[in-house]
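Colleague: This structure is in structure tokens; I'll ask about it shortly.
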Amino acid sequence: MKSTGIIRKIDELGRIVLPIEMRRTLEISERDALEIYADGHTIVLKKYVNTCVFCGNPGKTHSFREKNICKGCIKEIKGTQGKVTSVLLETRPGASHEAMLIEESADAVFIFVGSVPQTSLVSGGFNVDTDEAGYIKTDGCMASSVPGLFAAGDVRVSPFRQVVTAAGEGAVAAHCAAAYIDKLKGEIY
Ligand SMILES: Cc1cc2nc3c(=O)[nH]c(=O)nc-3n(C[C@H](O)[C@H](O)[C@H](O)COP(=O)(O)OP(=O)(O)OC[C@H]3O[C@@H](n4cnc5c(N)ncnc54)[C@H](O)[C@@H]3O)c2cc1C
336 MKSTGIIRKI
346 DELGRIVLPI
356 EMRRTLEISE
366 RDALEIYADG
376 HTIVLKKYVN
386 TCVFCGNPGK
396 THSFREKNIC
406 KGCIKEIKGT
416 QGKVTSVLLE
426 TRPGASHEAM
436 LIEESADAVF
446 IFVGSVPQTS
456 LVSGGFNVDT
466 DEAGYIKTDG
476 CMASSVPGLF
486 AAGDVRVSPF
496 RQVVTAAGEG
506 AVAAHCAAAY
516 IDKLKGEIY
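Encoded structure:
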């Protein structure tokens, strides 16, 4: 984030005036909506863009339980009286078959947005082996490609990431790390 050097005082109603040059540059017009984000002690103002919570596309959306959903996605989630009752899924029974729609009854829809491993701590000087997505590769002892560096939990290449697996892997990593240190000290038992 870059400092603009502009300091403005908040009035008695909590309002500030955004400089006209800044509004012109960012194409913010009168009565445009701004979204307010908080990051610790920092407040960020961003031009509000109406996007669909499912596909992320901007444009005309409808509000469903205070979430914006576009017309294309609404077609695939059915419901009555504000409650989800079913979802329409597209399936292809075989490579040569045409896509067909099936309807599955459902009480709710959860969106999986994917995940990004937070491995920046070791991505710099360590040169540790990771997979394409950035997850750290380890052996069964949770040892990484860098001697003495162990990884456990969500940062590790794993078919399943849950609290129970992270805690278990943490126990294995701690045990193996202790054995590694003992070996360095020549205290193998
Ligand atoms: C929305 C959601 C729902 C989930 N629901 C479930 C569930 O119902 N049941 C279940 O078992 N699992 C669930 N999980 C998965 C579970 O939360 C994780 O698998 C588990 O927390 C992994 O533990 P961890 O210790 O590896 O990572 P985390 O719990 O993510 O802990 C890593 C910590 O390291 C800190 N950190 C990151 N980078 C740095 C750095 N550079 N320096 C210092 N600290 C740093 C982070 O702030 C964080 O506190 C869910 C996950 C999500 C995102």
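Start counting at 1 in the sequence shown, then tack on 335, and there's your number in my numbering.
Glycine included, each C-beta is placed from N, C-alpha and C at the ideal position.
Bear in mind the structure is a predicted one, so any value in this text is a computation, not a measurement.
1) On the CB-based measure, 16 or more other CB atoms within 10 Å of its CB, does Arg491 come out buried or exposed?
2) Any chance you could list the residues with Cβ under 5 Å from a heavy atom of ligand 1, keeping chain order?
3) Taking Ala368 as the reference, which of Glu362, Tyr383, Glu356, Ile355 has the closest Cα?
4) Of the choices Met477, Gln497, Ser398, Tyr515, whose alpha-carbon is the least far from that of Glu506?
5) Taking all protein chains shown into account, do 16 or more other C-beta atoms lie within 10 angstroms of the C-beta of Tyr372, making it buried, or fewer, making it exposed?
6) Helix, strand or coil for His397, going by three-state DSSP, please let me know.
7) For the beta strand (DSSP E) containing Thr415, list its first residue and its last residue.
8) Quick one: residues in its chain with C-beta nearer than 8 Å to the C-beta of Val444, no 5 flanking neighbours on either side, listed in chain order?
9) In this structure, does DSSP put Ile355 in helix, strand or coil?
10) On the DSSP bridge assignment, give the partners of Leu348 in chain order.
11) Have a look at Ala514 and Val457 and give me their C-alpha separation to the nearest angstrom.
12) Here's the rule I'm using: 16 or more other beta-carbon atoms within 10 Å means buried, otherwise exposed. How should Ala502 be labelled?
13) Use the C-beta contact count for Phe485: other C-beta atoms within 10 angstroms, 16 or more gives buried, fewer gives exposed.
14) Would a C-beta distance cut-off of 9 Å place Ser455 and Arg496 closer than the cut-off?
Modeller: Inspection of the coordinates gives the following:
1) Against the sequence shown, residue 491 aligns to sequence position 156. Counting every other CB atom within 10 Å of its CB across the protein chains shown gives Arg491 a total of 16 or more, marking it as buried.
2) Gln453, Leu456, Gly488, Asp489, Arg496, Gln497, Val498, Ala501
3) One-based indexing of the sequence shown puts residue 368 at position 33. If we check each option's Cα against that of Ala368, Tyr383 comes out closest.
4) Locating residue 506 in the sequence shown gives position 171, counting from the first residue. Per the sequence presented here, residue 506 reads as Ala, with Glu not at that position. Looking at the Cα atoms, Met477 is the closest of the given residues.
5) As a working mapping, residue 372 is identified with position 37 in the sequence shown. Looking at its Cβ environment, which holds fewer than 16 other Cβ atoms inside 10 Å, Tyr372 is exposed.
6) The residue labelled residue 397 in the question sits at position 62 within the sequence shown. Strand.
7) Working through the sequence shown from its first residue, we reach residue 415 at position 80. Looking at the DSSP string, the run of the beta strand (DSSP E) that includes Thr415 is 412 to 415.
8) For the purposes of this step, residue 444 is taken as residue 109 along the sequence shown, with counting starting at 1. These residues qualify, in order along the chain: Ile412, Val419, Val422.
9) Within the sequence shown, numbered from 1, the residue matching residue 355 stands at position 20. Here Ile355 sits in helix by DSSP.
10) The residue given as residue 348 occupies position 13 in the sequence shown. Its beta-bridge partners do not exist; DSSP assigns none.
11) Taking the first residue of the sequence shown as position 1, residue 514 is located at position 179. Taking the first residue of the sequence shown as position 1, residue 457 is located at position 122. About 22 Å.
12) Locating residue 502 in the sequence shown gives position 167, counting from the first residue. Taking every protein chain shown into account, the CB of Ala502 has fewer than 16 other CB atoms within 10 angstroms, so this residue is exposed.
13) Position 150 of the sequence shown, counted from the first residue, corresponds to residue 485. So Phe485 ends up on the buried side.
14) To locate residue 455, count along the sequence shown from 1; it is residue 120. To locate residue 496, count along the sequence shown from 1; it is residue 161. The answer is no: Cβ separation not under 9 Å.
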